[in-house]
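These notes concern the structure reproduced below.
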Amino acid sequence: MHTPQQNRLPKTYRISAVTRETELVTSFTFAVSLGAKPGQFIMVWLPGSDEIPMSVALDDGKKLQITFFAVGDTTKKLATLKKGDLVGLRGPFGTHYEWKPEQHLALVAGGYGAAPMYFAAVEAAKDGCSITAIVGARSKTHLLYLDAFAGLSGTTLSVATDDGSQGHKGYNVDLLRELLESRTLRLRSGSTAHAVDQVFACGPERMLVAVSDLCAEHKVVCQLSLERYMKCGYGLCGNCVINGVRMCVDGPVMRNEIARTFTEFGRYHRDGLGKKHSL
Amino acid sequence: MNLSQTVRGVTFQNPAVLASGIWGITAASWRRVAESGAGGVTTKSLWLTEHKGHPNPTIISTDHYTLNAVGVPDAGIEKAREEIGDYNKQKPVPLIANIIANTVENYGKTAEEIAKLKPDFLEVNISCPNVEDEFGKPFACSVRDASAVTKAVKAVSGKIPVFIKLSPNVDDIGSIASACAEAGADGFTVINTVGPGMAIDLRSRLPILANKVGGMSGPAIKPLAVRCIADVYRATEGKFPIIGTGGVMTGEDAIEFLLAGATLIGIGTAIGYRGAEVFRLVCEEMTAWCKTEGVKKISELTGGMHRALGIRT
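Just so you know, the protein sequences line up as chains A and B, in that order. For the first sequence, position 126 (counting from the first letter as 1) is numbered 127 according to the numbering used here, and the numbering increases by one without interruption. For the second sequence, position 141 (counting from the first letter as 1) is numbered 376 according to the numbering used here, and the numbering increases by one without interruption.
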């Protein structure tokens with residue numbers, strides 16, 4: 002009750018660097034840390050316009066980075082901002098990915114899911130984890146953070162594109178399947194074990210469903226980042242519920258065994274009015 | 236310790252009910268809140284037809300207050316039918332359906348449709364302070380308007396008790412309550428959010444809420460709620476049940492509301508401060524206080540302050 006609530010009031014910061022990742026994707030860096038962990042999100046406010054949730058792409062204790070696709074009204078406006086312009090930030094909110102030291106993690110990233118997955122890779126590598134990053138996108142020009150992943154020690158990078166313009170032609174989940182099948186060890190007792198300790202996934206919900214099914218089939222621990230329409234970010238408005246569970250508080254990162262109990266997972270989401278829409 | 240309260244024939248296992256506007260958009264959400272220990276749940280305000288809310292930012296908080304200008308978004312009656320219908324199939328705690336409209340006539344139409352879904356109570360939101368640009372001053376700010384809405388709702392709600400949700404942003408909340416009581420109201424929800432208030436971002440020099448202003452809730456408004464509950468209780472001679480809402484964080488806050496005249500306690504913003512567990516915590520804290528003070532049944536606390544003051548009720 003006496004924990005500070007200032008992170009629930011947006012405060013504006015000046016953009017300290019703008020990076021054009023691709024034609025449609027931009028990253029902003031701010032010279033501030035919000036103490037965010039991989040998988041958590043923040044609310045990003047364009048003063049006088051709107052405020053939207055975004056995964057944190059990096060928070061190293063000194064600076065914070067966000068990466069976004071200019072696809073909606075607000076992200077298109079954000080993409081026109083320059084170094085020195087003001088953006089409001091509040092958070093971080095929600096759950097984050099969790100790992101144990103020296104685990105082998107498979108990180109499955111679809112589209113802009115590459116940004117939080119990169120953040121997870123950076124932090125997990127500090128704990129001595131070995132990482133297989135599987136990055137997917139529609140085509141080569143939509144792939145994100147490849148150089149960043151490639152520059153991380155202890156990280157193996159695989160790439161998939163829908164059109165085959167780079168890496169495997171097909172889905173990143175195909176590569177996860179190959180990895181899980183090839184890394185299954187048959188023990189002398191006759192049972193099997195995995196060299197992959199955990200799978201983390203962030204991307205479109207159809208991809209998450211495929212990862213969820215695959216991990217359940219292979220009995221591998223898996224954490225998924227589930228996205229829903231957010232307003233407050235801290236459990237009051239109730240807009241981001243999946244089966245009544247607020248994704249801003251109990252998500253966005255959910256353990257697969259819990260996500261699989263949600264009848265709404267992979268089926269529909271709700272808009273700002275609470276109306277259902279099929280995924 | 237018996238925390239149950241029977242209000243207008245409906246028994247609540249404990250008095251801590253989910254207040255309208257917080258979390259309660261779906262049947263699954265109402266059940267989650269019940270699992271967290273709430274004695275009842277209130278829907279977010281239901282419109283007859285789709286109503287868009289305000290853009291973000293819509294809800295912001297500090298340690299002391301929360302400001303909201305969500306703008307009462309709702310998908311309309313079809314969604315209400317689906318969600319309340321679903322909830323009725325497996326209903327852990329009583330459901331209070333909160334309704335809203337833009338005219339007296341539409342309050343009647345909305346109440347008529349929602350009453351068919353058989354909620355335990357109808358709660359009539361005539362007091363939202365963050366849609367004034369769209370609809371003007373709330374109906375709760377005028378004796379005549381508040382009374383007219385009450386009559387329109389009562390005419391179509393059958394046996395379902397009707398609670399009028401009052402605004403603190405008036406000169407004399409007691410006279411509004413008296414007028415609604417005369418018009419047939421069965422009880423009151425006291426209070427809706429306060430203000431509206433405003434918060435400004437220093438660097439951009441702009442109001443933070445997209446709507447510029449928003450209703451204030453949270454710990455800071457509790458004394459105002461206590462005074463309003465006491466005013467309504469006194470004005471209606473303690474004959475009407477009151478759902479006391481506004482800034483309740485703890486069991487002792489809830490006890491204070493009962494002493495002012497409340498029978499049930501609405502909890503909303505506190506979820507943001509103490510988590511979903513707040514319902515269970517408030518009940519545990521009420522129980523602990525009652526044990527220490529030798530109170531056997533919380534129903535004996537309602538209106539206690541008025542009796543202590545020696546005011547006949």
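Where a beta carbon is used, it is the ideal one built from N, C-alpha and C, also for glycine. The model shown is predicted, which means the values in this text are computed figures rather than measured ones.
Interface positions of the segment 370–390 of chain B facing chain A (Cβ-Cβ less than 7 Å), listed along the chain | In summary, no residue of the segment 370–390 of chain B has a CB separated from any CB of chain A by less than 7 Å.
Could you check the C-alpha separation between G479 of chain B and G274 of chain B for me, to the nearest Å?
-> 14 Å
In three-state terms, what does DSSP make of P442 of chain B?
-> strand
Return yes when the Cβ of D74 of chain A is within less than 9 Å of the Cβ of S34 of chain A, no when it is not.
-> no
Alpha-carbon spacing of N303 of chain B relative to T246 of chain B, whole angstroms | 31 Å
Beta-bridge partners of S56 of chain A, as assigned by DSSP = Per DSSP, the beta-bridge partners of S56 of chain A are A:F42.
Could you spell out where the alpha helix (DSSP H) holding S490 of chain B opens and where it closes?
-> The question names Ser, but residue 490 of chain B is Ile in the sequence shown. Per DSSP, I490 of chain B belongs to the alpha helix (DSSP H) from G486 to A495.
As assigned by DSSP and simplified to three states, the class of N360 of chain B | If DSSP states are grouped into helix, strand and coil, N360 of chain B belongs with the strands.
What in chain B is Cβ-close to T72 of chain A, meaning under 7 Å?
-> Looking at the sequence shown, residue 72 of chain A is not Thr but Val. Chain B residues near V72 of chain A: none, gap ~17 Å exceeds 7 Å.
Along the beta strand (DSSP E) that carries F70 of chain A, what are the first and last residues, could you check?
-> L65 to F70
For R261 of chain A, which residues of its own chain have a beta-carbon under 8 Å away from its beta-carbon, when the five flanking residues on both sides are left out?
-> S213 and A217
Per DSSP, what kind of secondary structure is I335 of chain B in: helix, strand or coil?
-> Coil.
Are S280 of chain B and C363 of chain B touching if we call contact CB-CB under 9 Å?
-> yes
Use the C-beta contact count for E258 of chain A: other C-beta atoms within 10 angstroms, 16 or more gives buried, fewer gives exposed.
-> exposed
For K77 of chain A, the nearest candidate out of A:T27, A:M248, A:T142 and A:D272 (CA to CA) | A:T27
Grab the span of the alpha helix (DSSP H) containing R139 of chain A for me, first residue to last.
-> Neither: R139 of chain A is in no alpha helix (DSSP H) and is coded neither H nor E.
Are the beta-carbon atoms belonging to F69 of chain A and Y113 of chain A less than 9 Å from one another?
-> Against a cut-off of 9 Å, the Cβ pair of Y113 of chain A and F69 of chain A comes out as a contact.
Continuous beta strand (DSSP E) stretch holding S28 of chain A: start and end | V26 to F31
Cβ neighbours of W226 of chain B in the same chain (closer than 7 Å, five flanking residues each side left out) = A query on residue 226 of chain B cannot be resolved here, the shown segment of chain B reaching from 236 to 548 and no further.
By a C-beta neighbour count over all protein chains shown, 10 Å radius and 16 as the cutoff for buried, is D406 of chain B buried or exposed?
-> exposed
Report all residues from its chain with a CB closer than 7 Å to the CB of I506 of chain B; omit the five preceding and five following residues, and keep chain order.
-> Hits under 7 Å: I257, W258 and V513.
Would you verify that the beta carbon of S279 of chain A is, or is not, closer than 9 Å to some beta carbon of chain B?
-> no
Is D421 of chain B helix, strand or coil when you go by DSSP?
-> coil
What do you get for A527 of chain B, buried or exposed, if any count of 16 or more other CB atoms within 10 angstroms of its CB means buried?
-> A quick correction: the sequence has Thr, not Ala, at residue 527 of chain B. Classification for T527 of chain B: exposed.
Alpha carbon to alpha carbon, what distance is there between R268 of chain A and M248 of chain A?
-> 16 Å
Three-way DSSP call (helix, strand, coil) for P117 of chain A in this model = helix
Member of B:G453, B:V305 and B:G538 whose CA lies at the smallest distance from the CA of A445 of chain B = Measuring C-alpha to C-alpha distances from A445 of chain B to each of B:G453, B:V305 and B:G538 identifies B:V305 as the nearest.
For I443 of chain B, count neighbouring Cβ atoms within 10 angstroms of its own Cβ and tell me buried if that reaches 16, exposed if not.
-> buried
Measure the Cβ-Cβ separation of S183 of chain A and N173 of chain A and say whether it is below 9 Å.
-> no
Please confirm if the segment 379–386 of chain B is in contact with the segment 418–432 of chain B, defined as three or more CB-CB distances below 8 Å between the two stretches.
-> yes
Would DSSP call T293 of chain B helix, strand or coil?
-> For T293 of chain B, the three-state secondary structure derived from DSSP is coil.
If T504 of chain B sits next to L237 of chain A, beta carbons under 8 Å apart, how far is it from one beta carbon to the other, in whole angstroms?
-> The Cβ separation is near 7 Å, so the contact holds.
Using a C-beta cutoff of 9 Å, does M2 of chain A count as contacting chain B?
-> For M2 of chain A, the predicted model reports a pLDDT of 43, less than 50, meaning its position is unreliable; a value from the coordinates is still stated below. So, interface residue.
Spatial distance of I490 of chain B from E520 of chain B (CA atoms) = 9 Å
Please check if any C-beta of chain B sits within less than 9 Å of the C-beta of P5 of chain A.
-> Residue placement at P5 of chain A is poorly supported in this model, since its pLDDT is 49, which falls under 50; the coordinates still yield a value, given next. Cβ-Cβ to chain B under 9 Å: yes for P5 of chain A.
Close-in-space but distant-in-sequence residues of the same chain around C241 of chain A (CB under 7 Å, 5 per side omitted) = R229, Y230, M231, R247, M248 and C249
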